[in-house]
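What follows is a set of notes on a single structure, which appears directly below.
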Amino acid sequence: MQKTYYYHLFVARIEEGKTKDYDQYALGETHTIPLLFKELGIEDYVFDGEIGNYGVEVLNPDFRYEFPLSELFFDSVVKQEDLPTIEKFCKEKDILPNSYIIIYKKDLKINKGTSFSYPNLYYVGEFEMSEEGKESEQFRNPHLF
-7 MQKTYYYHLF VARIEEGKTK DYDQYALGET HTIPLLFKEL GIEDYVFDGE
43 IGNYGVEVLN PDFRYEFPLS ELFFDSVVKQ EDLPTIEKFC KEKDILPNSY
93 IIIYKKDLKI NKGTSFSYPN LYYVGEFEMS EEGKESEQFR NPHLF
């Protein structure tokens, strides 16, 4: 029986020279709870430098290029069929994202109305993982599946 796995997607527009601040906000330091997780109400986040109890993927921007969403999410857990929903969200928020954050853990729920202290960061919603992305994540984080 094949299981369905979900992830939570955030998009961001990161200013050049701010990637260190962004990484600190999203990932924090080893053995600490990052501010993003605190703002989400997640108090059980653990990362020891190698393994964590949440699946987290943060794409740092490449400031040399502007990518369409299809390229921004290339080789991620995002399904192609979800791109129109994500594009619509970005248009509504008037954001051209150059980064994203993906978080997953079984039964993780995130409040759509959560606001963030990091500028130009938005929670898009919960989506089903692509089959290819799921296989890749299972390889990297088998303990989360």
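Start counting the sequence shown at -7; every next residue gets the next number (the numbering used here). The beta-carbon is built from N, C-alpha and C at its ideal position, and this holds for glycine as well.
Asked, Found
"Apply the 10 Å Cβ neighbour rule to P53 and answer buried if 16 or more other Cβ atoms are within range, or exposed otherwise.", "buried"
"Helix, strand or coil, according to DSSP, for F66 in the structure here?", "coil"
"Can you tell me whether E49 is helix, strand or coil according to DSSP?", "strand"
"Check whether the Cβ atoms of I93 and V38 lie closer than 7 Å to each other.", "no"
"Confirm, please, whether the CB-CB distance from F119 to L1 is below 7 Å.", "yes"
"When you compare the CB positions of L61 and I78, do they come within less than 7 Å of one another, or not?", "yes"
"Using only CA atoms, which one of L28, F55, E63 and N103 lies nearest to V48?", "L28"
"May I ask which residues mark the beginning and end of the beta strand (DSSP E) holding I78?", "Note, I78: premise wrong, no beta strand (DSSP E); alpha helix (DSSP H) at L75 to K85."
"Among S122, Y(-3) and Y115, which residue has its Cα nearest to the Cα of D146?", "Because residue 146 is not part of the residues shown, which for the chain are -7 to 137, the question remains open."
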